[in-house]
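Protein sequence lines correspond, in order, to chains A and B.
When you read off a place in the first sequence, starting at 1, and then add 10, the result is the number in my numbering.
When you read off a place in the second sequence, starting at 1, and then add 10, the result is the number in my numbering.
Number of protein chains: 2
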Amino acid sequence: MALDESSLQKFGYMEREPLNAINIDPLQTGGILTDEARQALVQWGDGYSVCDFCPGTLDQIKKPKIKDFVHEALPEFIGADEVRVTNGARESKFAVMHSVANEGDWIVLDNLAHYSSHVAAQRARLNTETVSSTGHPDYWIDPEGYATAIENVIDENGKPPSMALLTYPDGNYGNLPDAKKVASICHEYDVPLLLNCAYSIGRMPVDANDIGADFIVGSGHKSMASSGPIGVLGVSEEYSDIVFRKSPTHKKKEIELLGCTARGATLMTMIASFPNVVKRTREWDREVENARWFSEKLENLGMTQVGDKPHNHDLMFFEAPNIYEISQKAKSGRYFLYKELKSRNIHGIKAGLTKFFKLSTFGAGRENLSTVVDAFDEIIKKYE
Amino acid sequence: MALDESSLQKFGYMEREPLNAINIDPLQTGGILTDEARQALVQWGDGYSVCDFCPGTLDQIKKPKIKDFVHEALPEFIGADEVRVTNGARESKFAVMHSVANEGDWIVLDNLAHYSSHVAAQRARLNTETVSSTGHPDYWIDPEGYATAIENVIDENGKPPSMALLTYPDGNYGNLPDAKKVASICHEYDVPLLLNCAYSIGRMPVDANDIGADFIVGSGHKSMASSGPIGVLGVSEEYSDIVFRKSPTHKKKEIELLGCTARGATLMTMIASFPNVVKRTREWDREVENARWFSEKLENLGMTQVGDKPHNHDLMFFEAPNIYEISQKAKSGRYFLYKELKSRNIHGIKAGLTKFFKLSTFGAGRENLSTVVDAFDEIIKKYE
């Protein structure tokens, strides 16, 4: 591509089509910015803006109040001894794996784990032993599966895995496993546990110390109303010198964070949204009620919600044989559902899916959720 | 910190004090957003906004036009066979080191390298052999130093280093070494070269293929008018299967990028600014003229610019014995210069520095630079 006037015109400012839709995309519902975060973006958007008064370490910046946020507010919020901001939950997971395990080591993780947990392990050149769920329709993770998996690793390698990982909740079914029990089982074998809370921190109350997790990771853009990429990483005192080890040549810089992570507006949006985010986690019960109400309504329309039931999270997976049947004869084929929802200003179910799909009710409120339920009702009737 | 109403009030939206100052901070001058990027921030600020229509891989997204940007425009702009966006230049450097070198291997780098080059090598658990500059006052990197360093590594380890790194320009003196020569020397030993262009890509014309660099990294927030953290990574065809290797379990995901990097507004600001950024690199001569003019003016006021002379970049390092002398008797001591400049709405020389400091003239324009020169003149006269 020659970079002449006409090809350059392809770039520049672009508009986002689904911006003002009712959004039920699990990836997006928890990352919609607060008004304060939107203001922060404009104020702090310039590159390296937060570094105006940097003393050499991002988390030590006093102006703006990053130090208090990282060292006082976040540890209290997620119940971790030491916290840092990172470039995302996956970057947090890799940082932990790369710190506590050596190449060739084994780790244990649930088979509902996000793909990025597997890819992080592959990047760290680790082997993985998975804990199976019960499969369809509950996809339940039995905590005892962690004991079995750890023992398998010991049997095969003569030593326990370097760590275990539990997805809380998983990103397909929104299932919340018994994390406390998993932590306690892992600790019986002296195996530290990482809790992947990309879909929980910022949505619901989570406390790493209460659960007994040694590492906890969260996602700003997924669940903390932040502009990404940004995540959080909480580490227990026992492991903080390992994960946050400093450079021998550049004493202020933490090696695993490459010295500095969310060096810009992303962090300021997380701080801007924080008061609202803390408060919304205190109203989590209402979100669960909305999810259950929505699940019941969709089931009344002929779909089936799989995973935990009654459900405990806004992320839900539905099987929709009736919608699939319509797609077999509809003019737009498997894209008919996407188009029908789009024409009703509803965004978030992946285009082309009909037989099953996931969605999230987080933050939508009962009124918008009613609109979505009515839309499904209308669409089904339209094709009857 | 209890997260009650009064402590939460410490966070939320904050204003940025130096936002509208004349900015000469080397970290910041190339990262000031264009109007288009500021608009993009508001439009694409929500978490995972760019993923509305993701086919499973960030760089393959067609709407917005990420695929064309990453696979057509960027390769042309930086002269690299394959390009990806990353979370920043340091993240790009680590990705390359972690891909092409094994733990315990050696790499060679210039001793003007940014701290994050060293920290990236430490994170990848590599050993480093440095190429010295000529020291004060030129800080010149002799390309032949790379031959010596490579031979030292061979002598000590029986094999050449896994790669070499050259900083182009360095972040202290703004020196532009003979990168072509360094590349050619490295290739004589079959050692691939990474060019750290955090301070050049987006400011001045740079072409990896023309120089002969195997890897090239740039920084969006430092030099491409982007909201960070975001960077670019260019790789020659020869190494692209290694650096961008895919997951065996998740076929669309590139391991070294953890599947996905700049998954949000950061990328949209880079795309929004791109037409302007391309055009400004074509006016680089004017920036160099401004830098030289500014350097001469400051030297006339009793300061000395060290490094390349005449200078070839907007980033410059000054020694200021006269300013230091004033600080010895000024009421605010070593903070006097910062305060005097601040009162004249000039930001970017690190608070507390007087004996020497670095600054950048990039994008300021002759009028603002005259204001800065006049400010120094006034300040010196005031304390005479």
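All C-beta atoms, glycine included, are put in the ideal place defined by N, C-alpha and C.
It should be emphasised that the depicted structure is a prediction, and the values quoted were computed from it without experimental measurement.
Item: Are the CB atoms of VAL80 (chain B) and VAL93 (chain B) nearer to each other than 8 Å?; Value: yes
Item: Can you list, in chain order, the residues of its chain with a C-beta nearer than 7 Å to that of PRO239 (chain A)? Leave out the 5 residues immediately preceding and following it.; Value: ASN97, GLY98, HIS231 and THR276
Item: Which residues of the region 168-192 of chain A have a Cβ closer than 9 Å to any Cβ of chain B? Give them in chain order.; Value: none
Item: Could you list the residues in the region 42-65 of chain B with a C-beta less than 8 Å from some C-beta on chain A, going in chain order?; Value: ILE42, LEU43, GLU46, ALA47, ARG48, GLN49, ALA50, LEU51, VAL52, GLN53, TRP54, GLY55, ASP56, GLY57, TYR58, SER59, CYS61, ASP62 and PHE63
Item: If you reduce the DSSP assignment to three classes, tell me which class MET278 (chain B) lands in.; Value: helix
Item: State the beta-bridge partners of HIS357 (chain B) as determined by DSSP.; Value: B:ASN33
Item: Ends of the alpha helix (DSSP H) at LYS368 (chain A)?; Value: Per DSSP, LYS368 (chain A) belongs to no alpha helix (DSSP H); it is in the beta strand (DSSP E), 366-370.
Item: Among the candidates A:LEU268, A:ASN206, A:ALA208 and A:PRO202, whose CA atom is the shortest distance from the CA of SER246 (chain A)?; Value: A:PRO202
Item: Looking at chain A, is there any beta carbon in it that lies within less than 8 Å of the beta carbon of PRO78 (chain B)?; Value: The sequence given here has Asp at residue 78 (chain B), not Pro. Yes, its Cβ sits closer than 8 Å to a Cβ of chain A.
Item: Assuming ASN206 (chain A) and TYR178 (chain A) are in contact, meaning their beta carbons sit under 8 Å apart, how far apart are those beta carbons, in whole angstroms?; Value: 6 Å
Item: Identify the contact partners of ARG273 (chain A) in chain B, using a Cβ-Cβ distance below 8 Å as the criterion.; Value: GLY98, HIS231, GLY238 and PRO239
Item: My parser needs the alpha helix (DSSP H) runs of 4 or more residues fully inside the region 206-248 of chain B; what are they?; Value: 218-221 and 230-233
Item: Rank A:VAL287, A:GLU154 and A:PHE327 by C-alpha distance to the C-alpha of PHE304 (chain A) and give the top, closest one.; Value: A:PHE327
Item: Identify each residue in the region 19-37 of chain A for which the Cβ-Cβ distance to at least one residue of chain B is less than 9 Å, and report them in chain order.; Value: GLN19, LYS20, PHE21, GLY22, TYR23, MET24, GLU25, ARG26, GLU27, PRO28, LEU29, ASN33, ASP35 and LEU37
Item: From A:HIS323, A:VAL383 and A:VAL192, pick the residue whose C-alpha is nearest to that of ASP220 (chain A); which is it?; Value: A:VAL192
Item: Could you tell me whether any Cβ in chain B is nearer than 8 Å to the Cβ of ARG133 (chain A)?; Value: yes
Item: With a cut-off of 8 Å, does the C-beta of VAL253 (chain A) fall near any C-beta of chain B?; Value: no
Item: Does TYR345 (chain A) get closer than 8 Å to chain B when you measure Cβ to Cβ?; Value: no
Item: Check distances from the C-beta atoms of the region 130-157 of chain B to those of chain A and list, in chain order, the residues that come in under 8 Å.; Value: ALA130, GLN132 and ARG133
Item: Take ASP180 (chain A) and list the residues in its own chain whose beta-carbon comes closer than 6 Å to its own, dropping the five residues that flank it on each side.; Value: LEU122
Item: What residue range does the beta strand (DSSP E) around ASP120 (chain A) cover?; Value: 116-120
Item: What's the call for GLY114 (chain B), buried or exposed, on a 16-neighbour Cβ count within 10 Å?; Value: exposed
Item: Chain B partners of MET278 (chain A), CB-CB under 9 Å?; Value: TYR23, MET24 and ARG26
Item: Closer than 7 Å between beta carbons: that is the criterion. Which residues of the region 107-132 of chain B meet it against chain A?; Value: GLU113, TYR125, SER126, HIS128, VAL129, ALA130 and GLN132
Item: Any beta carbon of chain B sitting closer than 8 Å to that of GLU266 (chain A)?; Value: yes
Item: Does the contact criterion of 3 or more C-beta pairs under 8 Å hold for the region 344-360 of chain A versus the region 373-385 of chain A?; Value: yes
Item: List the residues that DSSP assigns as beta-bridge partners of PHE327 (chain A).; Value: A:VAL316 and A:LYS368
Item: Once the 5 residues before and after THR3 (chain B) are set aside, which same chain residues still bring their CB inside 7 Å of it?; Value: Outside the displayed span of chain B (11 to 394) sits residue 3 (chain B), for which this structure offers no information.
Item: How would you label ASP165 (chain B), buried or exposed, when you count the other beta carbons within 10 angstroms and need 16 or more for buried?; Value: exposed
Item: To which residues of the same chain is CYS270 (chain B) closer than 7 Å at the C-beta, ignoring the five residues directly before and after it?; Value: LEU68
Item: Just reading off the alpha helix (DSSP H) that MET173 (chain B) is part of, what are its end residues?; Value: Unbroken run through MET173 (chain B) is the beta strand (DSSP E), 173-177; no alpha helix (DSSP H).
Item: Mind checking ARG213 (chain B): buried by the 16 CB within 10 Å criterion, or exposed?; Value: buried
Item: Using C-beta distances below 7 Å, list every residue in its chain close to ARG302 (chain A), excluding the 5 sequence neighbours before and after it, in chain order.; Value: PRO320 and HIS321
Item: Please identify, using Cβ separations under 9 Å, the residues of the region 208-235 of chain A that lie next to chain B, in order along the chain.; Value: SER229, GLY230, HIS231, LYS232, SER233, MET234 and ALA235
Item: Which residues of chain B have a Cβ atom closer than 9 Å to the Cβ of GLY317 (chain A), listed in chain order?; Value: None at all; the shortest Cβ gap to chain B is about 22 Å.
Item: Would you say LEU379 (chain B) faces chain A, with C-beta separation under 8 Å as the test?; Value: no
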